[in-house]
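>
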Amino acid sequence: MNTRLAAYFIGFLFSFTLNAQKTISISSDKQQLIIGDPLSVKISVTYGLEENISFPSFKQMIGDSPFELLKTVSTDTILLDNGEQQFIRELLLTSFEPGQYTLGPIRFPAAGNQTSFDSISSNSIQVKVLPLPMKKDSSEIKPIRDIWNENKNWQDWLPLIYVLCGLFILFLIVLWLRKRRKIKITTPEIPLKIVSPVKEALEKMDWLSKQNFLEQKDFVNYHYELGVIFRAFLEKQFEVNLLDLPTAEVLEKIQHLPISSLLSEKMIAWMKTVDLVKFAKYEPTYSFHEEAFQEVKQFLTQFLSEESSITSENK
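Be aware that the sequence shown starts at 1070, since it is given in our numbering, and climbs by one per residue.
1. Which residue comes first and which comes last in the alpha helix (DSSP H) that contains Tyr1351?
2. Would you tell me roughly how many angstroms separate the C-alpha atoms of Ser1126 and Leu1148, rounded to the nearest one?
3. Can you say whether Val1365 is buried or exposed, counting buried as having 16 or more other CB atoms within 10 angstroms of its CB?
4. Nearest CA to the CA of Met1274: which residue from Val1343, Ser1109, Lys1251, Phe1299?
5. Taking only the alpha-carbon atoms, compute the straight-line gap between Phe1307 and Leu1326 and give it to the nearest angstrom.
6. Going by other Cβ atoms of all chains shown within 10 Å of its Cβ, with 16 needed for buried, is Tyr1116 buried or exposed?
7. Just the C-alpha distance for Lys1091 and Val1110, rounded to the nearest angstrom, thanks.
8. Starting from Glu1334, follow its DSSP beta bridges and name the residues at the other end.
9. When the distance is taken between beta carbons, is Leu1108 closer than 8 angstroms to Thr1163?
10. Alpha carbon to alpha carbon, how far is Cys1234 from Ser1243? Give it in angstroms, no decimals.
11. List, from N- to C-terminal side, the beta strand (DSSP E) runs of 3 residues or more that fit wholly inside the segment 1091-1122.
12. Please report the distance separating the alpha-carbon of Arg1158 from that of Leu1139.
13. If you count every other CB in all the chains shown that lies within 10 Å of the CB of Tyr1291, and 16 or more means buried, which is it?
14. Taking the alpha carbon of Ser1374 as the point to measure from, which residue in Ile1337, Ser1094, Leu1331 has its own alpha carbon closest?
15. Can you tell me whether Ile1328 is helix, strand or coil according to DSSP?
16. Which partner residues does Ile1147 have in the DSSP bridge list?
17. Using a Cβ-Cβ cutoff of less than 8 angstroms, which residues in the same chain neighbour Asn1310 once the five nearest sequence positions on both sides are dropped?
18. For Glu1294 and Trp1276, I'd like the C-alpha separation in whole angstroms.
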């Protein structure tokens, strides 16, 4: 029984010793300041190594005082010789409202007995915020000399120089535009090169001879291009519609044109057989394709040599 009481008594003394070790103080570098000036406030807390503290917020520290936090200057923890540790935080404050204010006391929660918690309070400090000093003599706030009599340097003329340069550049642009309007741009007339239908058809025949339709055995497209060249020539030369007509109607219309004497029997046979090649997949001999090309080219060449007489006959 006595041993249990002794243990309770020792624990009570140990708890009391821990609480007694906790101290907190607050200090400032000045007791009064002019509004807007900085105020350095230092908060020092001493506590045991086995203890933890919860630092209060800035609002809890200043209470209703109209101070603002500029920055936290430093935060240090120092180990003391007596086995305790000291927590020091330095803050930089300011205020823009004149008056007498009190900073603190700051309260920290501290463990008491097993069923309650006590709090440790710091001291409080008085700080007076002074308004801006006013000059008694109004002459003191006048300029030393009249600003209108100050000597001007070249930099004072820069705005005027910029304006004048801008106006000069604008004048040059307007002058250039007016001069440009007066210059009459004449472009030489390029005479249009008129190519007769028969010469155009012969040029297309040269183009067709350079293609690879026959080498690739693409006979359908080969005869299609050859037929388009022949019919387009007749359309442009005699102003008749032949491209969209079937072969039978084309042959009928050709009978009424002054070229019927130039058409060979092989050429007429080609026009009839080519429909079988394009639509019925008829495969004539290889020489048929080459002879068709030569017949059309020979027809165009002969027409070119007799163009003047045939054209006058058509008129």
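Cβ atoms here follow ideal geometry from the backbone N, Cα and C, with glycine treated the same way.
According to the structure data:
1. DSSP places Tyr1351 in no alpha helix (DSSP H); its state is neither H nor E.
2. Rounded to the nearest angstrom, the two C-alpha atoms are 24 angstroms apart.
3. buried
4. Phe1299
5. One C-alpha to the other measures close to 8 angstroms.
6. buried
7. 20 angstroms
8. Per DSSP, none; premise fails for Glu1334.
9. The answer is yes: Cβ separation under 8 angstroms.
10. A small correction: the amino acid at residue 1243 is Val; Ser does not occupy that position in the sequence shown. Near 14 angstroms, if we compare the C-alpha coordinates of Cys1234 and Val1243.
11. 1092-1097, 1101-1103, 1108-1117
12. So the two alpha carbons sit approximately 14 angstroms from each other.
13. buried
14. Leu1331
15. coil
16. Gln1155
17. Glu1304
18. 10 angstroms
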